[in-house]
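Heads up: the structure comes next, in structure tokens.
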Amino acid sequence: MPTSTATNSYLQRLIGAMSLDAAIYEEVEADRSSTGQALATVLLSSIAAGVGSRGIEAVSIAGIIFISTISLVAWVAWALLTFEIGGRLMPEPQTRVDAGELLRTIGFASTPGMLRVLGVIPGATVPVFAATAVWMLLATIVAVRQALDYRSTLRAVAVCVFGWALAIAVAVVLGLFFGPTLS
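Shown next as structure tokens:
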């Protein structure tokens, strides 16, 4: 008699990802059908960044679209950097790099970014964005540790912090060159 394991719903996965539940990250790592959910999570998080930026008075509709796009590009840069750094530069002996597994787990690690929509509250934009950035970093550390089968959380921290710093630099450079001007 074949056995099957129940999978969590998308909402349960989002809650687990925000709770830094390693079992949820293991589940989405193994579930190829969760790729669409991970993509939806990244897109919703990016849109939330654009909408939440509305809490800054000078942000227009074009600015919201731009910030959503930069948020998405920064996530992609972070994901690619994490893949290269974690899988190629800093692997542990048991690390096996699978792009799909890593992208699914770090896609769900962007779940806390959905709360950036709360940045629309006047005066809350900077604290909300700062808190969710740190929360997403912590979630990505858990995701990377699980997806790359690291035994060392410290190695996952190093991979994520280094990749995060480089991704922020990419976002800042793009913002400086292509961003809307504030008047």
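Residue numbers for the sequence shown follow the working numbering, beginning at 23 and rising by one.
Glycine included, C-beta positions come from ideal geometry on N, C-alpha and C.
One question on the structure: do residue i and residue j come within less than 7 Å of each other, judged by their Cβ atoms?
i             : j             : result
threonine 147 : glycine 141   : yes
alanine 71    : serine 93     : yes
alanine 165   : alanine 96    : no
glycine 108   : valine 181    : yes
leucine 170   : threonine 117 : yes
tyrosine 172  : glutamate 114 : yes
For residue i and residue j, I'd like the C-alpha separation in whole angstroms.
i                 : j              : result
isoleucine 163    : valine 156     : 11 Å
glutamate 79      : isoleucine 87  : 15 Å
glycine 129       : isoleucine 69  : 14 Å
phenylalanine 200 : threonine 29   : 42 Å
leucine 160       : aspartate 53   : 22 Å
valine 73         : isoleucine 143 : 11 Å
glycine 197       : aspartate 43   : 33 Å
leucine 188       : tryptophan 100 : 7 Å
valine 150        : glutamine 168  : 27 Å
methionine 40     : valine 81      : 28 Å
glycine 145       : leucine 137    : 15 Å
leucine 36        : threonine 63   : 8 Å
tryptophan 186    : valine 139     : 21 Å
tyrosine 32       : methionine 158 : 18 Å
alanine 45        : glutamine 34   : 12 Å
glycine 77        : isoleucine 190 : 21 Å
Any heavy atom of the ligand GTP inside 6 Å of the beta-carbon of residue i?
i           : result
glycine 197 : Questions concerning the ligand GTP fall outside what the structure shown contains, since it holds no ligand whatsoever.
Judging by CA-CA distance, which residue of the options is the nearest neighbour of residue i?
i                 : options                        : result
serine 90         : Gly135, Leu102, Thr104         : Gly135
threonine 127     : Phe105, Thr154, Ile190, Ala153 : Phe105
phenylalanine 184 : Glu123, Met112, Ser82          : Met112
leucine 102       : Leu196, Arg118, Gly122, Ile83  : Gly122
threonine 154     : Ala131, Leu176, Leu170         : Ala131
threonine 57      : Ala178, Leu124, Val195         : Leu124
valine 98         : Ser67, Ile83, Ala84            : Ser67
Could I get the ranges of all uninterrupted alpha helix (DSSP H) runs contained in the segment 141-194, with 4 residues as the minimum, in chain order? 147-169
Considering only residues of the segment 45-88, which uninterrupted alpha helix (DSSP H) runs meet the minimum length of 4 residues and lie entirely inside it, listed in chain order? 57-74
Alpha helix (DSSP H) runs wholly inside the segment 106-146, at least 4 long, in chain order: 121-130
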